[in-house]
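Quick notes on the structure that follows.
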Amino acid sequence: MPTIEIFLLALVQAAILLVLAPVFTGISRVMRAKMHSRKGPGILQDYRDLFKLYKRQDVAPAASGIVFTVMPYVLMASMLVVAMALPVFTQKSPIGVAGDLITVAYLFALARFFFSLSGLDTGSTFGGLGASRESTLGVLVEPTMILSLLVAALIQGTTNIGGISTAIATGHVQSPMAIILAFVAFGFAVYIEMGKLPFDMAEAEQELQEGPLTEYAGSGLATLKWGLALKKIVVAAMFVGVFIPFGNAATLSIGGLVLAAVLFLVKVLTVYLLTALFENGMARGRFLLTSRITWVGFGVASLSFVFYLAGL
Amino acid sequence: MMTPLCLLLTSVLVFTGGAFVALLCCKSDRASIYISGIAGVVGSLAGLAASVPVMLAGKAITYVHAGPFPFTHFTVRFDALAAFMVFVIALLVLVASIYSFSYVQEYEGRGAWAMGFFTNLFVASMIALVAVDNAFYFLVFFELMSLSSYFLVIFDQNEEAVEAGFLYFLIAHAGSILILGSFFIFWWQTGSLDFSAFREAKLSAPLASIAFVLAFLGFGAKAGMVPLHSWLPRAHPAAPSHASALMSGVMVKIGVFGIIKVGVDLLGATTVWWGILVLAIGAISAVLGVLYALTEQDIKRLLAYSTVENVGIILMGVGVGMIGMAVNNTVLAVMGLLGALYHTLNHAVFKGLLFLGAGSIIYRAHTRNMEELGGLARTMPYTALAFLVGSMAISALPPLNGFVSEWFTYQALFNMSTNGGFLLHFSGPVAIVMLALTGALASMCFVKLYGITFSGMPRSEHAEHSREAPAPMVLAMLLLALGCIALGLGAPIVAPVMAGIASSLANSGLIGVAQGTIVHPANTAQAMLSTPLITILLLAAPVLPLLMAAIFKGPRLPRRHEGDAWACGYIHDAKMVVSSEGFAQPARFMFAPLFQLRERLNPSSPLRAGLQASINGAARIESVVDTFIITPIMRVAHWLGNCIQWLQHGDFRVYCLYVVAALVVLLFVTVA
């Protein structure tokens, strides 16, 4: 069981991620606008959107039921639990009993299950198709995610994300090539999970992928948008926490934590900038052919597994 | 206080008695429904009472009674594994019996008494089967189980059911023959049919392998593993829903039990490749089972395919356990078997729940086709709630029970990947990735099942006018839903019990897998999991967004819950919404080769062709016998008849002459 300090750390890091999430989506939007040679909204636009949405009326179609109502909260709750379990500022996972890579992967699955289901729950034309696409993407991304994390876990002998992070941070790396390839493959999976082209276009609600959002309004939509922003920053934090944990605090000291927090912001910002660059250079593709692209990610993950077997 | 064996005997006798009394009441269907239901409840309570102490203590109780022949030693061995199986059976039968009080009324006037008879006989044979320790009785009860379930499959007597029953009958008996072959090898080497002698048998390595593979295929056919699964998605849906729940929740586990019995208990899992074989078949079954489930439109067929998937997951655990025993890694052996046993219990609970839910839908909406349902969450709220819990549990979502057992299976596979030679290093991660793919596909599959059936707009009159199922059925489903939650949250209590059974199977000392509210794979450095803590966090976290919504509320209008979904300005129509087939279409497109594989691997047409060929062959052989034996004999007889025909003139004077002649002859004989 975690001590009080550790538990507080978990709460604080989840709160920080939650508060920062809209800034980073704002940065993505600004980047996109710049690359489109538009003026675009300010970085804080997403906060303004959220506050405005909270004041609006909740509207739900007659066909919708309990799943539709609870989904934004389930999404946010599961992402907050993951946020508490990740090694964000520290090398160890603050809540190790939820910081297992299997548990984290299935907490993402919990969010995805409800997100898809809410699309069907409205009886909306867009929602249903979006639900199908969201689930399909889960099928395509989950093996890559698990395999790339697994290679790192096998090398370090623990499936605890904090354990892997600690081992990498202290330079305990037996198969550097395998780790690097796993890093690339996991980055690919993170890119998909962040909802970027050609897999998704998160800002456009009338896109089928974001179909489940179609029928939300008011505070439900605000919570949902905030939850999705949180999901993006959580996968980014997971990426840097597991594979680039350098600079994270080994012990609980104020100085170490502040330094780690600053480094964390820089790392996550880099991830967001890189994904924005990639995304805006991408064209859309046919959804049914997505699997041809995701095979690349899975191929890299498999290659890292082969390197691990060879001990390179 | 009755001993566990007495209770077990009571349980079997109550089920058998219930079966025959139901048969006697064939004049009154209603009476037989109540009698068989009450027998089910009482018998399963006795079964639960018998199994719990043995399961907790882990000590085997044996009873021997010499039969009239040397091969019929009636030996009972109620060990931890048998007690576990009895517990799983009794648990599900208890709930299914409560459910049957209302559900079977649908069959009133259509032979509900026969259903009561066969269901109770089916359960009695399963309970007796797991406890006997003699190959002769084992096979007798195995056969009884197959036959009584066969009659449940063909209960509806329509063409589909009869055909499914026929395929089931063929494959079940092909499996029995293979098992018979395996036991024959043991008998040949030991000269006894007692399992205790089988355990002592020192089979040579090739013979042991042959015995194992025969038993694996034979029991695997019963368990519904790929490629021997094709009967399962036809037979299970054809039976009445509470019987489908028992067949999918319990009967397939008898197959798994048989594999553990022969592979682990009798043969001691001495060879590594046996475990690898079980693991590989398990992984393939898991992925293909769920993939085929995903594209089904029939609720019960979808659930039956998902049973193939879950049997695959269980077999993966069994495989890891056998590998662990073969390489003398007791921790690995216990972890693998722990995952398998835990998932066996969990699958019985959630698959039972889902089949009972499907039964409630059929009871009210009179269709199994998902395309004709929809919107049932409003008309059947409790069924929907229980079904949602079951769907989440089977998709292995934390913190429910399916997640915990799959987590243990993952950890066992991970342990295997870090220990041992290259083969284990390689196959472990491959199996983990296949399990991950299975998890994602299962999630998609059950989003579709729940979403298309319970959400959105009703797609037919039946769905629109459905209403909540009767109280006993709702009670049964809610009990199982509670079971899903309890087995997930109670992991720190349940896992050590499963570990105890697993370690008694693997002949190892007790291995700790729980500390306080935490479970771990016998090594806290490898991983830890606390479902109670995750639940608390998941329940507490929404406070934050709710708080924010309250703070930033401002002058907000109250929630509006009316109107149709947006349809680009057109009038919304239920037909605009994605259909069940459309939902699964991306998966069908992306995994197209695996779907073609199913057509190619389907054994029912070769089986049918083989049967037709043997019928034709038999017909031809029959005519051979005719031409060469029967016809000549007939010809001789005919000729003889013709020869003596001239004696028969039809003139009574000639007959008088015969009489006189006969008298004369007799006179001469007696005098001389």
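Residue numbers (the numbering used here), protein chains in the order written: chain A, 1 to 312; chain B, 1 to 672. Quick reminder that beta carbons are idealized off the backbone N, C-alpha and C, glycines included.
The Cβ of Tyr450 of chain B sits closer than 8 angstroms to at least one Cβ of chain A. Cβ-Cβ separation between Ser118 of chain A and Pro212 of chain A: approximately 5 angstroms, consistent with a contact (criterion under 8 angstroms). Using a Cβ distance threshold of 8 angstroms, Tyr54 of chain A and Ala549 of chain B count as a contacting pair. Contacts with chain A at 8 angstroms (Cβ-Cβ) do not include Tyr292 of chain B. Contacts between Pro176 of chain A and chain B, judged by CB atoms closer than 9 angstroms, are missing: the closest CB pair is about 18 angstroms apart.
Taking C-beta atoms as the reference points, Ile259 of chain B and Val308 of chain B fail to come closer than 8 angstroms. Any Cβ of chain B closer than 8 angstroms to the Cβ of Ile102 of chain A would place that residue at the interface, and such an atom is present. The beta carbon of Ser135 of chain A falls within 8 angstroms of a beta carbon belonging to chain B, placing the residue at that interface. Excluding its 5 nearest sequence neighbours in each direction, Val262 of chain B has C-beta neighbours in its own chain below 6 angstroms: Ala215, listed in chain order. Only those residues of the segment 504-536 of chain B whose C-beta falls short of 8 angstroms from the nearest C-beta of chain A are listed: Gly516, Thr517, Ile518, Ala525, Gln526, Ala527, Met528, Leu529, Ser530, Leu533, Ile534. Here Arg286 of chain A is exposed. Its C-beta has fewer than 16 other C-beta atoms within 10 Å.
If you draw a straight line from the Cα of Val82 of chain A to the Cα of Gln526 of chain B, it comes to about 19 angstroms. Neighbours of Lys55 of chain A in chain B, taken as residues whose beta carbon is under 8 angstroms from its own, are Phe552, Lys553, Gly554, Pro555, Arg556 in chain order. The beta carbon of Val21 of chain B sits closer than 7 angstroms to the beta carbons of Ile35 from its chain, once the five residues preceding and following it are set aside; these are given in chain order.
By the beta-carbon neighbour count (other beta carbons within 10 angstroms, threshold 16), Gln645 of chain B is exposed. Burial state of Trp274 of chain B is buried, judged by a 10 Å Cβ sphere holding 16 or more other Cβ atoms. Contact with chain A is absent for Leu480 of chain B, since none of that chain's Cβ atoms lies less than 8 angstroms from the residue's Cβ. Distance from the Cα of Thr72 of chain B is smallest, within the candidate group B:Gly111, B:Val140, B:Val42, for B:Val140. Around Asn346 of chain B, the same chain offers Ala393, Asn401, Gly402, Val404, Ser405, Cys484, Leu487 as residues with beta carbons nearer than 8 angstroms, after the five sequence neighbours per side are excluded. Counting C-beta atoms within 10 angstroms of its own C-beta, Gly512 of chain B has fewer than 16 neighbours from the protein chains shown and is therefore classed as exposed. Scanning chain B for C-beta atoms nearer than 7 angstroms to the C-beta of Pro87 of chain A yields nothing, as the closest lies near 15 angstroms away.
Less than 8 angstroms separates the beta-carbon of Thr214 of chain A from that of Gly127 of chain A.
Shortest Cα-Cα distance from Gly357 of chain B to any of B:Ala377, B:Ala365, B:Phe387 involves B:Phe387. Our two residues, Leu193 of chain B and Ala201 of chain B, have alpha carbons roughly 11 angstroms apart in a direct line. Taking a beta-carbon distance threshold of 8 angstroms, Arg112 of chain A counts as an interface residue toward chain B. The distance from the Cβ of Gly58 of chain B to that of Ser504 of chain B is about 5 angstroms, consistent with a contact at the 8 angstroms cut-off. Straight through space, the alpha carbons of Asp573 of chain B and Ala567 of chain B are spaced by roughly 9 angstroms. Close partners of Ala549 of chain B in chain A (Cβ separation under 8 angstroms): Tyr54, Ser219, Ala222, Thr223.
In the same chain as Val184 of chain A, and ignoring 5 residues on each side of it, the C-beta atoms closer than 7 angstroms to its own belong to Val300, in chain order.
Judged by pairs of C-beta atoms under 8 angstroms, the segment 105-125 of chain A does not touch the segment 158-176 of chain A, as fewer than three such pairs exist. One alpha carbon belongs to Leu291 of chain B, the other to Leu441 of chain B, and they sit about 7 angstroms apart.
Every alpha helix (DSSP H) stretch that sits fully inside the segment 38-98 of chain A and reaches 4 residues is listed by chain position as 45-55, 66-85. When secondary structure is reduced to three states using DSSP, Thr670 of chain B falls in the helix class. With its beta carbon at least 8 angstroms from every one in chain B, Pro22 of chain A lies outside the interface.
Between Gly17 of chain B and Ala49 of chain B, the CB-CB gap reaches or exceeds 8 angstroms. Counting C-beta pairs with one atom in each stretch, the segment 214-229 of chain A and the segment 4-16 of chain B have fewer than three that are closer than 8 angstroms, which means they do not touch.
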